[in-house]
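Report on the structure given below.
In our numbering, the protein residues as written are 6 to 195.
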């Protein structure tokens with residue numbers, strides 16, 4: 006974890022190269038938040054455990070088909086997260102087609118509560134079905150989740166993790182006021 010210059014120098018000496026960089030980005034929730042203006046024909050609602058599981062898995066795995074971890078979730082993976090003490094269905098927001106109920110996208114938030122540390126929210130997973138791209142749902146869902154973390158959970162800051170190479174996601178988060186906080190680098194031989 007991290008991007009320490011000594012680790013980078015050692016990696017070069019041993020013939021390793023940077024393979025993946027995961028950024029942590031943060032923003033205060035005390036700054037003005039964008040209004041979640043929901044497009045016509047779309048409804049935002051909370052995730053319903055047991056009822057939305059299969060639809061969520063389908064959209065998640067389609068949205069992250071090329072992602073090394075997120076795009077291969079199973080029902081068991083989802084159930085493990087739902088059983089976590091931090092799971093809050095009210096902070097797991099779904100965008101659905103108002104007429105058909107089809108899941109279009111989601112924003113799953115998380116709250117980190119560690120003894121001796123300040124509470125911080127997280128954009129845990131944000132995804133939009135590829136068939137619904139370019140409709141602004143990523144921005145709407147992120148704004149709704151940030152509002153939930155501030156207004157319902159009483160938080161004053163939020164973080165997220167994003168691959169440095171995911172230019173579209175990085176641009177979205179920067180437009181929404183996030184800035185790079187730290188980087189975690191994975192190396193590979195060759």
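Even glycine gets a Cβ: it sits at the ideal position worked out from N, Cα and C. Predicted model, so just to flag it, every value in this text is computed and none were measured.
Are the beta-carbon atoms belonging to residue 132 and residue 114 less than 9 Å from one another?
For the purposes of this step, residue 132 is identified with residue 127 of the chain shown, where counting begins at 1. For the purposes of this step, residue 114 is identified with residue 109 of the chain shown, where counting begins at 1. Taking C-beta atoms as the reference points, residue 132 and residue 114 fail to come closer than 9 Å.
Does DSSP put residue 65 in a helix, a strand or coil?
Against the chain shown, residue 65 aligns to sequence position 60. If DSSP states are grouped into helix, strand and coil, residue 65 belongs with the helices.
Collapsed DSSP secondary structure at residue 187 in the structure displayed:
By one-based count along the chain shown, residue 187 stands at place 182. Three-state result, residue 187: strand.
In terms of alpha-carbon separation, which member of 179, 170, 149, 186 lies closest to residue 71?
As a working mapping, residue 71 is identified with position 66 in the chain shown. Per the Cα distances, 170.
For residue 25, which residues from the same chain have a beta carbon less than 6 Å from its beta carbon, with the 5 sequence-adjacent residues on both sides left out?
The count along the chain shown starts at 1 and reaches residue 25 at position 20. The answer, listed in chain order, is 191.
If residue 146 sits next to residue 174, beta carbons under 8 Å apart, how far is it from one beta carbon to the other, in whole angstroms?
Taking the chain shown and counting its residues from 1, the one referred to as residue 146 is at position 141. Taking the chain shown and counting its residues from 1, the one referred to as residue 174 is at position 169. Contact doesn't hold; Cβ gap of about 12 Å is too wide.
Straight-line Cα distance separating residue 111 from residue 49
Counted from its first residue, the chain shown places residue 49 at position 44. Counted from its first residue, the chain shown places residue 111 at position 106. When rounded, the separation of the alpha-carbon atoms in residue 49 and residue 111 is 9 Å.
Three-state secondary structure (DSSP) at residue 96?
Counted from its first residue, the chain shown places residue 96 at position 91. Look at residue 96 here: in three-state DSSP terms it is helix.
Quick one: is residue 41 buried, meaning 16 or more other Cβ sit within 10 Å of its Cβ, or exposed?
As a working mapping, residue 41 is identified with position 36 in the chain shown. With at least 16 other beta carbons inside 10 angstroms of its own, residue 41 counts as buried.
Three-pair Cβ contact test at 8 Å for the stretch 27 to 44 versus the stretch 151 to 158:
The answer is yes - the stretch 151 to 158 touches the stretch 27 to 44, with three or more Cβ pairs under 8 Å.
Where residue 104 and residue 61 are concerned, what is the direct C-alpha to C-alpha distance, given to the nearest angstrom?
Counting from one through the chain shown, the residue named residue 104 turns up at place 99. Counting from one through the chain shown, the residue named residue 61 turns up at place 56. Going by the C-alpha atoms only, they are around 18 Å apart.
Compare the Cα-Cα distances from residue 35 to each of 183, 74, 195, 172 and report the closest residue.
Mapped onto the chain shown, residue 35 falls at position 30. Closest option to residue 35, Cα to Cα, is 183.
Using 8 Å for Cβ pairs, my map puts residue 29 next to residue 166. What's the rounded Cβ distance?
By 1-based counting over the chain shown, the position of residue 29 is 24. By 1-based counting over the chain shown, the position of residue 166 is 161. In this structure, residue 29 and residue 166 form a Cβ contact; the two beta carbons are roughly 6 Å apart against a cut-off of 8 Å.
Own chain, CB closer than 8 Å to residue 186, minus 5 neighbours either side, in chain order:
Here residue 186 is taken as the residue at index 181 of the chain shown, counted from 1. Closer than 8 Å at the Cβ level, and outside the excluded window around residue 186, lie 28, 29, 30, 31, 164.
Express the C-alpha separation of residue 46 and residue 140 in angstroms, rounding to a whole number.
Taking the chain shown and counting its residues from 1, one reaches residue 140 at position 135. Taking the chain shown and counting its residues from 1, one reaches residue 46 at position 41. Each residue's Cα considered, the two are about 12 Å apart.
Which ranges does the alpha helix (DSSP H) cover as unbroken runs of at least 4 residues, wholly within the stretch 125 to 156, from first to last along the chain?
Whole alpha helix (DSSP H) segments, 4+ residues: 142 to 152.
Report the three-state DSSP secondary structure of residue 75 (helix, strand or coil).
For the purposes of this step, residue 75 is taken as the residue at position 70 of the chain shown. Here DSSP, grouped into helix, strand and coil, assigns residue 75 to helix.
At which residues does the alpha helix (DSSP H) containing residue 83 begin and terminate?
Taking the chain shown and counting its residues from 1, one reaches residue 83 at position 78. Run containing residue 83: 80 to 87, per the alpha helix (DSSP H) assignment.
Reduced DSSP secondary structure (H/G/I, E/B, other) of residue 177:
Stepping through the chain shown from its first residue, residue 177 is reached at position 172. The three-state secondary structure of residue 177, taken from DSSP, is helix.
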